[in-house]
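Undergrad: The structure that follows is given in the form of structure tokens.
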Amino acid sequence: MPRLAIGPDLPRALAVPVGGHGRGQALAALRLFLASTAGAPHPERVRGARDARVQTLRLAEGLRGVVVRQRDVYWLVTALPDAEAWDFANRHRYSVNSVIGVVEEWDAQALGSVEPALRRSAGASRLFDPVCDGDLLALGINVWILPLIRHITTEADVEAIEPFLPPTQHRPLAVLARGGTITEAWRELDECRAIDADPGPVDPDDLYQALLRSPDRAVFVGDVDELERRLDAPDWCTFLHPPQHRLARSHFEHPVLVTGAAGTGKTLIALHRAAHLAAHGEGRVLLNTFSQSLREELSKRLDTLVEDAAVRKRIDVDNADHLALRLVADAEGRQPALVGPGARNLTDLTEEAARLLNAPPGDLLGEVRKPYRHIVVDEGQDLSPAQWRLLRAAVPHAADDFFVLGDPHQRVTDHRVTLEQVGIVATHHTLKLSYRLPQELLSFGVRLRGGGPTDGLVTGVSELYGYRATRHGERPMVRAYDSPEAELDGLTATIDGWLAEGVAPERIAVAARTTALARRARRLLEGRDVLVTTFYGLKGREFDRVALFAVSEGIVPDPPPDDPGSRARALQRERSVLFVACTRAKALLYISHFGRGSPFLSF
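The sequence shown begins at 1 in UniProt numbering and counts up one residue at a time.
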């Protein structure tokens with residue numbers, strides 16, 4: 001029986017019919033293949049292939065899968081029309097990283113074309129002359145590209161070959177090219193590891209073990225039913241990038257804090273961490289988030305991620321305010337009043353709930369003093385000291401107890417709390433790669449927000465400088481109009497254009513600074529089924545395309561108070577809110593204003 005693994009490109013490839021044939025016929029062919037029955041498609045060698053293990057598998061008329069085969073192991077990388085599949089199979093080769101044991105994909109044809117050009121342009125002094133072959137090989141650099149590396153003269157050369165190299169090869173080289181040390185290059189390679197366990201001696205010919213160490217590149221499927229479930233599921237349910245996978249599934253003896261810029265996958269990690277703890281932990285799990293809308297969004301995503309109903313029931317998605325209300329109501333036997341006679345504010349109720357949880361045994365809450373065994377906190381930068389104390393009190397001090405994710409640069413409240421200030425000593429991990437945002441949008445956001453220091457979550461300050469994206473895309477569009485009416489006409493034309501291009505309405509969001517402006521746009525765009533909300537309403541969400549309008553002077557920022565201290569905090573908060581709204585776009589960002597634009601756009 002063949003052992004079949006699929007790559008992250010396969011679901012996308014089979015979602016698009018080729019020559020009238022799509023996933024149905026491909027699944028039928030793979031059913032026969034997995035059962036090894038008569039009539040099953042068989043791997044076919046590709047003439048002139050640079051890697052003899054790369055073969056094709058006929059899935060339907062005009063449609064072929066590209067597989068990497070080693071004995072009974074088949075890694076189905078993608079599916080393409082016949083000619084494209086043969087070209088893909090011909091130009092790529094695969095290897096196992098000699099240090100961390102993960103699979104690597106190379107564009108061998110492109111690298112073969114680049115080397116002569118590098119040789120011709122190389123100067124007398126080469127970039128990697130100070131680094132010996134032994135050090136490069138010890139970093140997992142493949143002996144096959146050592147001759148090419150020795151022709152590289154500039155850091156720009158290293159950047160130019162990035163699309164043709166696996167990350168495990170390019171990222172250590174990029175560190176050395178910037179003048180980094182061997183130790184720093186080692187750290188960069190280690191970030192490509194999805195599993196904490198030491199791989200031990202790496203067998204470069206063991207494809208099966210390499211695929212098991214590469215959950216971002218491959219997942220094994222036992223039968224066609226499991227294959228179909230994987231194809232139906234969104235990418236984020238199955239494939240996480242290595243740092244995301246490692247943080248979501250590792251065992252931690254102490255509380256953990258994960259910080260990272262927009263698009264680094266913090267919410268994905270939170271979802272997978274909660275699911276992992278519910279399946280493999282020791283009790284109930286709380287996934288705490290910022291608002292009611294995010295609570296509903298994360299609940300829906302957990303329903304998609306967690307297939308086992310019993311596991312899903314172990315996870316509560318809530319926020320600290322609701323938790324406080326529930327705990328106080330349970331203790332007092334009635335819902336606490338928030339308005340009218342005897343009303344208490346949420347801060348008082350949150351502090352009361354924390355006091356109840358910290359009470360000695362035998363007090364009002366009895367056996368429910370610690371309602372959760374594990375707590376995962378998303379959007380942690382916006383919690384107040386009272387909310388932190390409540391959450392800390394809601395879980396016992398034990399392994400895998402407290403897992404926090406956040407970004408001080410995306411804070412939309414005035415809370416500037418470090419975890420140490422509320423008695424939580426956490427191990428800090430930083431995510432530096434943005435997978436959601438193209439580099440152009442990330443750079444725009446950093447300039448808008450200001451990449452300098454900000455405070456909160458960690459002791460000291462955090463900076464946005466040093467974050468980078470894994471891909472390139474379109475530059476954000478900034479449009480100026482003479483009047484509000486002209487701007488709204490431009491907004492309508494933009495949204496209609498996107499819909500005409502075939503962008504699904506649910507992948508588009510429109511937002512403004514105020515509720516009144518959002519309400520006006522909602523009336524204007526009625527019937528188009530796109531989300532229209534405020535900047536705050538975009539928090540924690542993502543869309544393919546985002547349109548922000550009325551980003552005009554006098555509206556963004558909201559006029560700040562006169563007091564210098566309050567003014568500085570208000571302006572920083574307003575800048576963060578706009579930064580959050582801008583970075584919800586995965587592919588394209590449109591910003592418009594009438595009259596003078598917001599001063600935040602002057603960079």
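We put the beta carbon where it would ideally sit given N, CA and C, even for glycine.
Can you look up Q70 in the DSSP assignment and give me helix, strand or coil?
TA: strand
Undergrad: Does the Cβ-Cβ distance between Y94 and R45 come in under 8 angstroms?
TA: no
Undergrad: Reducing DSSP to helix, strand and coil, say where R479 ends up.
TA: Residue state, collapsed to three classes: strand.
Undergrad: Cα-Cα, which of L176, G265, E553, K586 is closest to E574?
TA: Among L176, G265, E553, K586, the Cα nearest to that of E574 is on E553.
Undergrad: Got a sec? Which residues, its chain only, sit under 8 angstroms from M477 by beta carbon, not counting five neighbours each side?
TA: L588, L589, Y590, I591
Undergrad: Cα separation between L34 and L4?
TA: The alpha-carbon separation between L34 and L4 amounts to approximately 8 angstroms.
Undergrad: Do V103 and V202 have their CB atoms nearer than 8 angstroms?
TA: V103 places its beta carbon 8 angstroms or farther from that of V202.
Undergrad: Taking just the CA atoms, how far does T238 sit from E367?
TA: Because E367 carries a pLDDT of 48, less than 50, the predicted location of this residue cannot be relied on, and the following value inherits that uncertainty. Looking at the two C-alpha atoms, the distance is approximately 37 angstroms.
Undergrad: Just how far apart, CA to CA, sit L356 and R301?
TA: Rounded to the nearest whole angstrom, the CA to CA distance from L356 to R301 is 32 angstroms.
Undergrad: Express the C-alpha separation of E351 and S384 in angstroms, rounding to a whole number.
TA: 11 angstroms
Undergrad: On a CA-only basis, which of L517, V532, V580 is nearest A550? Give me that one, please.
TA: L517
Undergrad: Is it true that the stretch 374-388 meets the stretch 335-351, where meeting means three or more beta-carbon pairs spaced less than 8 angstroms apart?
TA: yes
Undergrad: Going by DSSP, what residues sit across from F603 in a beta bridge?
TA: Under DSSP, F603 forms no beta bridge with any residue.
Undergrad: Give the straight-line distance between the Cα atoms of L538 and V556, rounded to the nearest whole angstrom.
TA: 16 angstroms
Undergrad: For S598, which of A174, A329, Y481 has the nearest alpha-carbon?
TA: Y481
Undergrad: Does the distance from the CB of R507 to the CB of D544 come in under 8 angstroms?
TA: Yes, the pair counts as a contact, with Cβ atoms nearer than the cut-off.
Undergrad: Are D400 and H251 touching if we call contact CB-CB under 8 angstroms?
TA: yes
Undergrad: Using the three-state DSSP reduction, which class does R246 fall into: helix, strand or coil?
TA: helix
Undergrad: Where does the unbroken beta strand (DSSP E) through R545 begin, and where does it stop?
TA: Counting along the chain, R545 sits inside the beta strand (DSSP E) bounded by residues 543-548.
Undergrad: Considering only residues of the same chain and omitting the five flanking positions on each side of D14, which have a CB-CB separation below 7 angstroms?
TA: For clarity, residue 14 is Leu in the given sequence; the question names Asp instead. The residues are G22, R23, A26, A79, L231.
Undergrad: Just verifying my parser: in three-state terms, what is the DSSP assignment at H428?
TA: strand
Undergrad: Report buried or exposed for F579, applying the criterion of at least 16 other Cβ atoms within 10 angstroms of its Cβ.
TA: F579 should be labelled buried.
Undergrad: Look up H170 in the DSSP assignment and say whether it is helix, strand or coil.
TA: Here H170 sits in helix by DSSP.
Undergrad: Looking at D223 and P8, is the spacing between their C-beta atoms short of 8 angstroms?
TA: no
Undergrad: Within 10 Å of its beta-carbon, does P396 have 16 or more other beta-carbons around it, so buried, or fewer, so exposed?
TA: Exposed, because fewer than 16 other Cβ atoms sit within 10 Å of the Cβ of P396.
Undergrad: From this set, I149, D318, R119, which residue's C-alpha is nearest F128's C-alpha?
TA: I149
Undergrad: Output yes if chain C places a C-beta closer than 8 angstroms to the C-beta of A156; else output no.
TA: The structure shown contains no chain C; it holds only a single protein chain.
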